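In our numbering, the protein residues as written are 41 to 172.
Working notes for the structure below.
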Amino acid sequence: MPEVGRLVLVVDDNPAQRYVACRTLRHANFITVEASWGREVVEQARRLRPDIILLDMHMPDQSGIVTLQQLRGDSATASIPVVFLTATAHSSFDKRQAEELGVSAYLFNPVAPDTLVAAVENSIMRKKELNC
Numbered sequence: 041m042p043e044v045g046r047l048v049l050v051v052d053d054n055p056a057q058r059y060v061a062c063r064t065l066r067h068a069n070f071i072t073v074e075a076s077w078g079r080e081v082v083e084q085a086r087r088l089r090p091d092i093i094l095l096d097m098h099m100p101d102q103s104g105i106v107t108l109q110q111l112r113g114d115s116a117t118a119s120i121p122v123v124f125l126t127a128t129a130h131s132s133f134d135k136r137q138a139e140e141l142g143v144s145a146y147l148f149n150p151v152a153p154d155t156l157v158a159a160v161e162n163s164i165m166r167k168k169e170l171n172c
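Next comes the structure, spelled out in structure tokens:
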């Protein structure tokens, strides 16, 4: 069983981006599980109960916003923190929608390793503080 607070579901359709994010997080002692399609996310999140999801904003099958809406609409996954990590700029509407759905952070690739790790750690800590 993974260490509590250390399991990250990394979702990105770009294998190189996924590799960099997973390697960065594993180096910081996180356990990572990968997904490449938005439609995989809710199923994996329900099954694995990750401590946080690192989610790409733009995937071929559905947007990160749609995926986030599905996560928030499922009682088993609604409270999992989500950090958006994207390589492309999106409209202020997308960012506002993400914030309204409770996204923990919104990062742009390329992201410095320490920034990524800090965003993940801070998001997990915030959730733990809210659950106390």
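From the three backbone atoms N, C-alpha and C, an ideal C-beta is built for every residue, glycine too.
It should be emphasised that the depicted structure is a prediction, and the values quoted were computed from it without experimental measurement.
Burial state of residue i, where buried means 16 or more other Cβ atoms lie within 10 Å
| i | result |
| --- | --- |
| MET41 | Here the model assigns MET41 a pLDDT of 41, short of 50, so the residue's position is not dependable, and the following value carries that caveat. Per the 10 Å Cβ criterion, exposed. |
| PRO55 | exposed |
| SER144 | buried |
| ALA85 | buried |
DSSP three-state assignment for residue i, whether helix, strand or coil
| i | result |
| --- | --- |
| PRO42 | The pLDDT assigned to PRO42 is 46, lower than 50, so where the model puts this residue is not dependable; a value taken from the coordinates is nonetheless given after this. In this structure, PRO42 counts as coil in the three-state DSSP scheme. |
| VAL106 | helix |
| THR151 | According to the sequence displayed, residue 151 carries Val and not Thr. VAL151 falls in the coil class under three-state DSSP. |
| THR64 | helix |
| ILE164 | helix |
| ALA159 | helix |
| VAL81 | helix |
| LEU125 | strand |
| LEU95 | strand |
| ALA138 | helix |
Best match in the options for proximity to residue i [C-alpha to C-alpha]
| i | options | result |
| --- | --- | --- |
| PHE70 | PRO153, ASN171, ALA138 and LEU170 | PRO153 |
| LEU147 | ALA61, LEU49, ARG112 and GLN84 | ALA61 |
#### Entry: the segment 89-107 in contact with the segment 154-168 per 3-pair CB rule at 8 Å
Under the Cβ criterion (8 Å, minimum of three pairs), the segment 89-107 counts as touching the segment 154-168.
### Task
Please determine if the segment 72-91 and the segment 101-109 are in contact, where contact requires at least 3 C-beta pairs separated by less than 8 Å.
yes
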